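J.:
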Amino acid sequence: KACIKAADIGHTCLPWDQHYELSLRLSEEFFKQGDLEKELNVPISPLCDREKVNLPQSQLGFIDYIVRVGV
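Each residue of the sequence shown is one higher than the one before, starting from 2 at the first, in this note's numbering.
(1) Assuming Cys-49 and Gln-34 are in contact, meaning their beta carbons sit under 8 Å apart, how far apart are those beta carbons, in whole angstroms?
(2) So, is Ile-45 buried or exposed, given that buried needs 16 or more other C-beta atoms within 10 angstroms?
(3) Given this structure, state the Cα-to-Cα distance separating Leu-27 from Asn-42, to the nearest angstrom.
(4) Take Val-68 and list the residues in its own chain whose beta-carbon comes closer than 7 Å to its own, dropping the five residues that flank it on each side.
(5) Whole angstroms are fine: how far does the CA of Phe-63 sit from the CA of Pro-109?
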């Protein structure tokens, strides 16, 4: 479990350019899921609505509530 957790949150410890790139890729994956959910007329999952998500704020929340708590 520890290895999975480290792999999941480890990008926050990378150099800025790598962390930023991975964050953008992950956000795009979430947004594509939200686009599909919208197309299927089902509720859009949290962090998946590209029209509502504030990426910098969501990253701060991830670091504050997931990374720091998980360490």
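Each residue gets a CB set at the ideal place from its N, CA and C atoms; glycine is no exception. Computed from a predicted structure; not experimentally measured.
T.: By the coordinates alone:
(1) That pair is a contact at about 5 Å.
(2) A buried status is given to Ile-45, since no fewer than 16 other beta-carbon atoms sit within 10 Å of its beta-carbon.
(3) About 23 Å.
(4) Contacts found: Ile-10 and Thr-13.
(5) Past the boundaries of the shown model lies residue 109; the chain is included only from 2 to 72, so the question cannot be answered.
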